[in-house]
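**Student:**
Number of protein chains: 2
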Amino acid sequence: MNEFELIASLTKDLPGNAAVVAGAGDDCAVLDLGLRDRWLLFKTDAVVEGVHFDAGATAAQVGRKALGRCLSDIAAMGGEASSAVVTLALPKAYSGDFVSGVYAGMAALARQHGVAIVGGETTTNPERLLISVALVGTVEKGRCVRRGGANAGDGIFVTGELGGSRLGKHFEFEPRLTEARWLTEHFGIHAMIDLSDGLAGDLRHILAASRVGAELLREAIPISPAAREQARRGRAGRPEPGAATPAESTHPGMVGSGRSPWIAALTDGEDFELLFTLASKDAVPLKDAWKQRFPELRLSCIGKIVAGSGLALRDREGVRPLELHGYTHFA
Amino acid sequence: MNEFELIASLTKDLPGNAAVVAGAGDDCAVLDLGLRDRWLLFKTDAVVEGVHFDAGATAAQVGRKALGRCLSDIAAMGGEASSAVVTLALPKAYSGDFVSGVYAGMAALARQHGVAIVGGETTTNPERLLISVALVGTVEKGRCVRRGGANAGDGIFVTGELGGSRLGKHFEFEPRLTEARWLTEHFGIHAMIDLSDGLAGDLRHILAASRVGAELLREAIPISPAAREQARRGRAGRPEPGAATPAESTHPGMVGSGRSPWIAALTDGEDFELLFTLASKDAVPLKDAWKQRFPELRLSCIGKIVAGSGLALRDREGVRPLELHGYTHFA
Numbered sequence: 001m002n003e004f005e006l007i008a009s010l011t012k013d014l015p016g017n018a019a020v021v022a023g024a025g026d027d028c029a030v031l032d033l034g035l036r037d038r039w040l041l042f043k044t045d046a047v048v049e050g051v052h053f054d055a056g057a058t059a060a061q062v063g064r065k066a067l068g069r070c071l072s073d074i075a076a077m078g079g080e081a082s083s084a085v086v087t088l089a090l091p092k093a094y095s096g097d098f099v100s101g102v103y104a105g106m107a108a109l110a111r112q113h114g115v116a117i118v119g120g121e122t123t124t125n126p127e128r129l130l131i132s133v134a135l136v137g138t139v140e141k142g143r144c145v146r147r148g149g150a151n152a153g154d155g156i157f158v159t160g161e162l163g164g165s166r167l168g169k170h171f172e173f174e175p176r177l178t179e180a181r182w183l184t185e186h187f188g189i190h191a192m193i194d195l196s197d198g199l200a201g202d203l204r205h206i207l208a209a210s211r212v213g214a215e216l217l218r219e220a221i222p223i224s225p226a227a228r229e230q231a232r233r234g235r236a237g238r239p240e241p242g243a244a245t246p247a248e249s250t251h252p253g254m255v256g257s258g259r260s261p262w263i264a265a266l267t268d269g270e271d272f273e274l275l276f277t278l279a280s281k282d283a284v285p286l287k288d289a290w291k292q293r294f295p296e297l298r299l300s301c302i303g304k305i306v307a308g309s310g311l312a313l314r315d316r317e318g319v320r321p322l323e324l325h326g327y328t329h330f331a
Numbered sequence: 332m333n334e335f336e337l338i339a340s341l342t343k344d345l346p347g348n349a350a351v352v353a354g355a356g357d358d359c360a361v362l363d364l365g366l367r368d369r370w371l372l373f374k375t376d377a378v379v380e381g382v383h384f385d386a387g388a389t390a391a392q393v394g395r396k397a398l399g400r401c402l403s404d405i406a407a408m409g410g411e412a413s414s415a416v417v418t419l420a421l422p423k424a425y426s427g428d429f430v431s432g433v434y435a436g437m438a439a440l441a442r443q444h445g446v447a448i449v450g451g452e453t454t455t456n457p458e459r460l461l462i463s464v465a466l467v468g469t470v471e472k473g474r475c476v477r478r479g480g481a482n483a484g485d486g487i488f489v490t491g492e493l494g495g496s497r498l499g500k501h502f503e504f505e506p507r508l509t510e511a512r513w514l515t516e517h518f519g520i521h522a523m524i525d526l527s528d529g530l531a532g533d534l535r536h537i538l539a540a541s542r543v544g545a546e547l548l549r550e551a552i553p554i555s556p557a558a559r560e561q562a563r564r565g566r567a568g569r570p571e572p573g574a575a576t577p578a579e580s581t582h583p584g585m586v587g588s589g590r591s592p593w594i595a596a597l598t599d600g601e602d603f604e605l606l607f608t609l610a611s612k613d614a615v616p617l618k619d620a621w622k623q624r625f626p627e628l629r630l631s632c633i634g635k636i637v638a639g640s641g642l643a644l645r646d647r648e649g650v651r652p653l654e655l656h657g658y659t660h661f662a
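Protein chains in written order, with our numbering: chain A, 1 to 331; chain B, 332 to 662.
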């Protein structure tokens, strides 16, 4: 049973109440607590030493990442982040300075987005640092974007460049709160998710929730320099005869020792970019307006939503099913 | 630096925003998100294997406790619990059955209090199970009870019986949500806290926040049968000459090998009862009304709030300062 199957089995029978608009299964839970025109967004997430970061990470990087992951989920719903509470679970040997550094990293990112940190608990986790963050935000009822709204014919867009986040981006990513707010203010976004488990995996969440399929255009997928660097290092570490040109194989099984950059772009986790769909008629106006508003952040139309199910890839040789999935924590 | 000092140093400089009514330092954070007559309550808490429960605990007990601790904090503010999100951090060896059992324990308690569970994440914590729960609730602005409202002359009350929670109550406790709602509906409660760190320690939180002192009446402190049983087992395990009668010494240093039941009642953690103060003129009406409404739950007036600072104990021999503190996680 992998992580998604485990969560699915656990969450299918959870208690609800009249306030629940959307429970487990989207980037955030959505609650109607009686605000006149807004819903509450609610999310929790944890980072664990040796799993989400290693001992070489600075305290501030770890704190920033712990909060940033939750902020990215609020962004994916089109929401505004309000307040966070934090639990630090740590071995007794951790110094007060390290813990202060974790909070400093969190606080800097929180201030950048106007987020309050309204509770800080500590407890003991003897072997390793674990930071759990919970975040509340709000979103106008008419601007809440969920995973299940994609329609056949929609264009599929992604912000930024994908893959290779382990070379640094998994600490340095910018939660796309401003961009998501702008998107929902100016365009009818049908479905959105943040890329935490990799494009292939996260797009499948949209497809499943929307009961549609998708066709990706291979040459449109924005590959990050880090994904290319990662592939270069991989090949250098394990040299392969004849691998002089970038090994961008279309067949995962043929990638060889260095994982190709475009496979990384499809499957690496922790990009924390926005993946969303909107009506194809809006695609060109969106691209034009985006360039004006966010000239330094790439926006790519990477394919289209189609009727049916499953994920297909189109390249010069035609269209065929794409079997790749994203990163699975328990795989 | 103990837990309280560490938290204080971490939380004195946290980022805020216009929504924050009360940040870190009370049982829950209090947020004004624009609800007409209510505030949002927000709390997170974690339980860790080997720290808050041991390997002998059943999955359902662990899940129930993880949620119950947060519910108890919502009760302490006079609030109504709405929705919870959960992170399970666990070793890969944990069985799906165990994890389902954790959720079953949580879900049963959630249903009992009308609480929805709206998110369930899992991640890896290789050495031990850790469950982090975050909870939102709401409270009428006029019924939110904080720690800082105690006045000299107030009576100090506590629900239930105290001490010895390790013999079972730390799994079986009932979060006092119904009782707290009834209290704030019918009486002017000045200050309230839930007993998680022991009466002596938690009362000191009220005293510090309210800038007052307190005098406890020793014979009024409700000692649980578990605290007596715990003391008996302690003495039986380490027999002491002449210890034939219960060793309820008034001097902690003279307790001997078995910790006396009343010291346990003052310092054992995890009672999860309500400790609150209200004007002395309301004390008798409260006791009368309580007996009608909650005939099976003891309510004790254990002393009074006084001007000044510090905690004093009154018994047959007079009044003297009480140096005992509650349970300190990092002591």
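Note that the Cβ used here is the ideal one computed from N, Cα and C, for glycine as well. No experiment lies behind these values; they were computed from the predicted model shown.
According to the neighbour-count rule (16 or more other Cβ atoms, all chains shown, within 10 Å of its Cβ), is Glu627/B buried or exposed?
**Tutor:** By the Cβ-count criterion, Glu627/B is exposed, with fewer than 16 other Cβ atoms from all chains shown falling within 10 Å of its own Cβ.
**Student:** Using DSSP's beta-bridge definition, name the partner residues of Ile524/B.
**Tutor:** DSSP output for Ile524/B lists Leu606/B as bridge partner(s).
**Student:** Need the endpoints of the beta strand (DSSP E) that Ser300/A sits in, please.
**Tutor:** Leu299 to Val306
**Student:** Chain B partners of Phe42/A, CB-CB under 8 Å?
**Tutor:** Ser414, Val416, Val449, Gly450, Ala465 and Val467
**Student:** With a threshold of 16 other CB atoms inside 10 Å of the CB of Leu644/B, please say whether the residue is buried or exposed.
**Tutor:** buried
**Student:** Can the beta-carbon of Phe373/B be found closer than 8 Å to that of Val433/B?
**Tutor:** no
**Student:** Measuring alpha carbon to alpha carbon, tell me which residue in Cys632/B, Gly409/B and Asp602/B is nearest Lys472/B.
**Tutor:** Gly409/B
**Student:** Give me the DSSP bridge partner(s) of Ala465/B.
**Tutor:** Thr375/B and Val416/B
**Student:** Taking 8 Å as the threshold (beta carbon to beta carbon), is Ser280/A in contact with chain B?
**Tutor:** no
**Student:** Would a check of beta-carbon distances place Asp376/B closer than 8 Å to chain A?
**Tutor:** yes
**Student:** Mark Val449/B as exposed unless 16 or more other C-beta atoms lie within 10 angstroms of its C-beta, in which case mark it buried.
**Tutor:** buried
**Student:** What's the C-alpha gap between Ser426/B and Ala289/A?
**Tutor:** 50 Å
**Student:** Looking at the structure shown, is Asp344/B part of a helix, part of a strand, or coil, going by DSSP?
**Tutor:** coil
**Student:** Less than 8 Å separating the beta-carbons of Lys304/A and Ala214/A?
**Tutor:** In this structure, Ala214/A lies closer than 8 Å to Lys304/A by Cβ.
**Student:** Strictly under 8 Å for the Cβ-Cβ distance: is Glu127/A near chain B by that measure?
**Tutor:** yes
**Student:** Note down the Cα distance separating Glu121/A from Ile302/A, rounded to an integer number of angstroms.
**Tutor:** 42 Å
**Student:** On the CB-based measure, 16 or more other CB atoms within 10 Å of its CB, does Arg564/B come out buried or exposed?
**Tutor:** exposed
**Student:** Confirm, please, whether the CB-CB distance from Ser82/A to Thr334/A is below 8 Å.
**Tutor:** No answer is possible for residue 334/A: it lies beyond the span of chain A, which begins at 1 and ends at 331.
**Student:** In the DSSP assignment, find the beta strand (DSSP E) that holds Phe157/A and state where it starts and stops.
**Tutor:** Gly155 to Thr159
**Student:** Taking only the alpha-carbon atoms, compute the straight-line gap between Met523/B and Arg549/B and give it to the nearest angstrom.
**Tutor:** One Cα belongs to Met523/B, the other to Arg549/B, and the distance between them is close to 20 Å.
**Student:** How about Ala195/A and Glu273/A: are their beta carbons less than 8 Å apart?
**Tutor:** According to the sequence shown, residue 195/A is Leu rather than Ala. Yes, they are a contact pair.
**Student:** Establish whether the CB of Gly63/A and some CB of chain B are separated by less than 8 Å.
**Tutor:** no
**Student:** Measure from the alpha carbon of Val393/B to the alpha carbon of each residue in Trp513/B, Ala614/B, Lys500/B and Gln561/B, then state which is nearest.
**Tutor:** Lys500/B
**Student:** Nearest to Ile462/B by CA position, among Ala481/B, Thr608/B, Lys423/B and Val417/B, is which residue?
**Tutor:** Val417/B
**Student:** Establish whether the CB of Ser496/B and some CB of chain A are separated by less than 8 Å.
**Tutor:** no
**Student:** If you count every other CB in all the chains shown that lies within 10 Å of the CB of Lys343/B, and 16 or more means buried, which is it?
**Tutor:** exposed
**Student:** Could you give the DSSP three-state label for Thr267/A: helix, strand or coil?
**Tutor:** helix
**Student:** List the endpoints of the continuous alpha helix (DSSP H) containing Arg320/A.
**Tutor:** Where Arg320/A is concerned, there is no enclosing alpha helix (DSSP H), although the beta strand (DSSP E) it sits in stretches over Gly318 to Pro321.
**Student:** Closer than 8 Å, Cβ to any Cβ of chain A: which residues of the segment 421 to 443 of chain B, in chain order?
**Tutor:** Lys423, Gly427, Val430, Ser431, Tyr434, Ala438, Ala441 and Arg442
**Student:** Between which two residues does the alpha helix (DSSP H) harbouring Glu546/B extend?
**Tutor:** Unbroken run through Glu546/B is the beta strand (DSSP E), Gly544 to Leu548; no alpha helix (DSSP H).
**Student:** Can you pull the chain B residues whose beta carbon is under 8 Å from the beta carbon of Val115/A, in chain order?
**Tutor:** Residues of chain B passing the Cβ test: Pro346 and Asn348.
**Student:** Output the distance between the C-alpha atoms of Glu317/A and Ala200/A, rounded to the nearest integer angstrom.
**Tutor:** Linking Glu317/A to Ala200/A through their CA atoms gives a straight-line distance of about 20 Å.
**Student:** Identify each residue in the segment 48 to 62 of chain A for which the Cβ-Cβ distance to at least one residue of chain B is less than 9 Å, and report them in chain order.
**Tutor:** Answer set for the segment 48 to 62 of chain A: Val48, Gly50, Val51 and His52.
**Student:** Taking the Cβ atom as the reference point for each residue, do Leu508/B and Ala406/B lie within a distance shorter than 8 Å?
**Tutor:** yes
**Student:** So, with DSSP's three-state summary, where would you put Gly364/A?
**Tutor:** Any answer about residue 364/A is impossible in this case: the structure gives chain A only from 1 up to 331.
**Student:** Would you please verify whether the beta carbon of Leu341/B is less than 8 Å from any beta carbon of chain A?
**Tutor:** yes
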